[in-house]
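Reading the sequence shown from the start, the letters are residues -5 to 173 in our numbering.
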Amino acid sequence: MSSALPDRLTGTACLSEVELAPTAILRDNQHLTSLAIGAFVFTAATDLPTRLLLIRRSKEEAAFPSRWEVPGGGAEPTDESLLDTVVRELKEETGLEVASISECLGQIEFPGRFGRMWRKYNFLVEVKEGQEVVTDPMEHSEHIWGTKEEVEKVEITTEDHRETILQVFAKIEERRKAR
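Here it is, written out as structure tokens:
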């Protein structure tokens, strides 16, 4: 792993793939053309209700303008691993620095524009305390720390993404209640 990664990486379920270079994953999965990540950043465990960071795509974006999503983006050939992609994309899209990547929440494959086939890996991410979210207005116009109920009301990029978000919400809320 690169030195840009935080010191603490615990409980990652799909560690065997996420530590590989994106180019290696694509080489071993010929049906894929692109890889992406999603960073699920929740408020601290003591904060109730549970809130998730969502960012709103700019109205100028070609795909899903003005719709909401978790921070994320495509892997680049220069990323040493998907974990590096998480760190880079979260910083680029929100200005937030990763404290830890605590879990790989799974992956989903889907067709994209121009005949591309994507695999997106979703991660549970903790960020360093005391930071403010800063978005690039050319990419994302605003952000919210949304509750599950708020997420159900806003326009998410796709229904698959909404379903993933709601499943992760349920998992996090269940864990917090068990404490």
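All C-beta atoms in this analysis are idealised placements derived from N, C-alpha and C, irrespective of residue type, glycine included.
The continuous alpha helix (DSSP H) containing Val162 extends over residues Glu153 to Ala172. Only residues of its own chain outside the window of five on either side were considered, and among them Ile49, Arg50 and Thr129 have a CB closer than 8 Å to the CB of Glu136, listed in chain order. Around the beta carbon of Leu84, 16 or more other beta carbons sit within 10 angstroms, so the residue counts as buried.
The segment 16 to 29 and the segment 86 to 99 do not touch, with fewer than 3 CB-CB distances between them shorter than 8 Å. The Cβ-Cβ distance between Ile150 and Ile159 falls below 8 Å. When secondary structure is reduced to three states using DSSP, Lys114 falls in the strand class.
It is roughly 15 Å from the alpha-carbon of Gln101 to the alpha-carbon of Leu14. In the DSSP secondary-structure assignment, Gln101 is bridged to Tyr115. Of the residues Glu74, Leu20 and Cys98, the one whose Cα lies closest to the Cα of Glu120 is Cys98.
The closest CA to that of Ala69, considering only Asp78, Thr37 and Leu42, is found on Asp78. In the three-state scheme derived from DSSP, where H, G and I count as helix and E and B as strand, Val92 is classed as strand.
Following the DSSP letters along the chain, one finds Glu136 inside the beta strand (DSSP E) bounded by residues His134 to Gly140. Judged by their CB atoms, Arg110 and Glu103 are not nearer to each other than the 8 Å cut-off. In this structure, DSSP gives Glu120 an extended state, which the three-state scheme calls strand.
Here the C-alpha atom of Ser60 lies approximately 32 Å from the C-alpha atom of Asn23. With contacts defined by Cβ atoms closer than 8 Å, Thr152 and Thr44 do not form a contacting pair.
The beta strand (DSSP E) runs lying completely inside the segment 43 to 84 and spanning 3 residues or more are 46 to 51 and 66 to 68, given in chain order.
Taking 8 Å as the cut-off, the beta carbon of Tyr115 is found closer than this to the beta carbon of Val12.
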